[in-house]
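Residue numbers (my numbering): 225 to 612.
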């Protein structure tokens, strides 16, 4: 029995990640015996990416620490140095907050820094989203590295749970809870079409596309891929297009410049947003006709809204996907052909019949239950060997 409240510290670095974490944060702040701590870092604190820490505060949460770490350099060296600054900042934050448990989600470099600092400080780590594979991004290695530093694991599918166990984690510490971000499907009131049009500042059309394109972080610079994507979109001149900015990865700023130029030149039918926010983003999924790009959201959230996803290139290679996802190469012709197929009546039938492999009820409550019940073993974590 604890004599003091359990201090659970949740780290968030991007607007998309916070949207996924929202209902878990809400669950934890409502639990007796829990002292919720929040650390905001990364793009949350950047004017270029919308200062989205303000959204966290507007939702009624208190941010206990802000870890500044983003450099303006749009290079691999700049990202590396930003991660170094994050490591120093998290060390200071943990020293001050002294949490009993650190909760991290996903596979970004600022989350690697947060997990590494917690590991060095002897703070047990709970990791959400382990066991997944994205062979076209450096996130692949980061994700598995965080898994090995973590003591609790929450996966989105049973296949990912088995993979975490394969990495040497005790099955008793690995929980398949489904995709946490899908909690919004049953708990968030979405906008009507008229409300969404007013919020976006544009009238929707007969066809509407949501486009998010991130640098792959492995392979070629992103400019060629973005150019091909924009060329393909030109072929669908009657479509309304909403772009969301990429993450703060190496190469991201060049992607932003190209998207902004396209949106400016096609102002009557296209707009670009630094961040849509979770409610508006999901409302877009509800009312739009296709998701295009290489974001994980096209594989995880979009299938639940029964809309097709055109997944471009290798960034999401290896991730489990629904039948509503069309994979295509990064040339303009391949992208255009995939969009045409996505809009066809035949593929609409496929989408309607598809199911989302990431859906599972009660993810936030399941994670909160496991976090509050966790009692770190006195002997530390041991490697779990599979029997062959």
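Heads up, the beta-carbon is just placed ideally off N, CA and C, and yes, glycines get one too.
Beta-carbon spacing of residue i, residue j below 8 Å
i           : j           : result
residue 532 : residue 556 : no
residue 400 : residue 371 : no
residue 165 : residue 298 : This structure cannot speak to residue 165, because the chain is shown only from 225 to 612.
residue 498 : residue 285 : no
residue 534 : residue 482 : no
residue 439 : residue 475 : yes
residue 465 : residue 494 : yes
residue 591 : residue 404 : yes
residue 385 : residue 331 : no
residue 526 : residue 247 : no
residue 554 : residue 452 : yes
residue 608 : residue 381 : no
residue 528 : residue 406 : yes
residue 310 : residue 327 : no
residue 459 : residue 560 : yes
residue 523 : residue 543 : yes
residue 321 : residue 233 : yes
residue 262 : residue 291 : no
residue 575 : residue 530 : yes
Bridge-paired residues (DSSP) for residue i
i           : result
residue 494 : 465
residue 233 : 261, 326
residue 376 : 350
residue 514 : 433
residue 399 : 378
Rounded separation between residue i and residue j - CA only
i           : j           : result
residue 562 : residue 312 : 45 Å
residue 369 : residue 336 : 8 Å
residue 541 : residue 361 : 9 Å
residue 236 : residue 419 : 29 Å
residue 577 : residue 519 : 23 Å
residue 242 : residue 571 : 32 Å
residue 254 : residue 260 : 9 Å
residue 230 : residue 595 : 10 Å
residue 569 : residue 430 : 15 Å
residue 487 : residue 435 : 12 Å
residue 345 : residue 573 : 52 Å
residue 270 : residue 279 : 13 Å
residue 341 : residue 305 : 15 Å
residue 265 : residue 343 : 18 Å
residue 537 : residue 507 : 26 Å
residue 392 : residue 302 : 33 Å
residue 347 : residue 565 : 49 Å
residue 471 : residue 267 : 8 Å
residue 558 : residue 489 : 24 Å
residue 383 : residue 390 : 11 Å
residue 307 : residue 325 : 21 Å
residue 593 : residue 252 : 9 Å
residue 548 : residue 319 : 46 Å
residue 448 : residue 395 : 43 Å
residue 417 : residue 424 : 10 Å
residue 455 : residue 610 : 49 Å
residue 469 : residue 334 : 18 Å
residue 275 : residue 364 : 27 Å
residue 603 : residue 358 : 33 Å
residue 467 : residue 437 : 8 Å
residue 463 : residue 521 : 21 Å
residue 316 : residue 277 : 19 Å
residue 457 : residue 551 : 16 Å
Selected residue, minimal CA-CA separation from residue i, among the options
i           : options            : result
residue 354 : 334, 317, 388, 347 : 388
residue 411 : 451, 267, 594, 585 : 585
residue 414 : 537, 509, 256      : 509
residue 408 : 250, 234, 567      : 250
residue 257 : 598, 604, 609      : 598
residue 323 : 300, 288, 309      : 288
residue 433 : 575, 601, 512, 398 : 512
residue 503 : 239, 375, 233      : 239
residue 601 : 233, 291, 397, 365 : 397
residue 282 : 358, 610, 501, 539 : 501
residue 545 : 376, 364, 579, 564 : 579
residue 373 : 339, 606, 244, 352 : 339
residue 244 : 505, 492, 364, 593 : 505
residue 300 : 606, 445, 605, 314 : 445
Residue i at chain D interface by Cβ criterion, 8 Å
i           : result
residue 453 : The chain inventory of the structure shown lacks chain D, comprising one protein chain alone.
Which residue spans inside the region 522 to 606 form an unbroken alpha helix (DSSP H) run of at least 4? 556 to 566, 569 to 577, 587 to 597
Counting only runs that start and end within the region 270 to 341, where is the beta strand (DSSP E) found for 3 or more residues in a row? 289 to 291, 325 to 329
Can you list the alpha helix (DSSP H) stretches of 4 or more residues lying completely in the region 407 to 434, in chain order? If we require 4 residues or more, the alpha helix (DSSP H) runs fully inside the region 407 to 434 come out as 408 to 411, 417 to 424.
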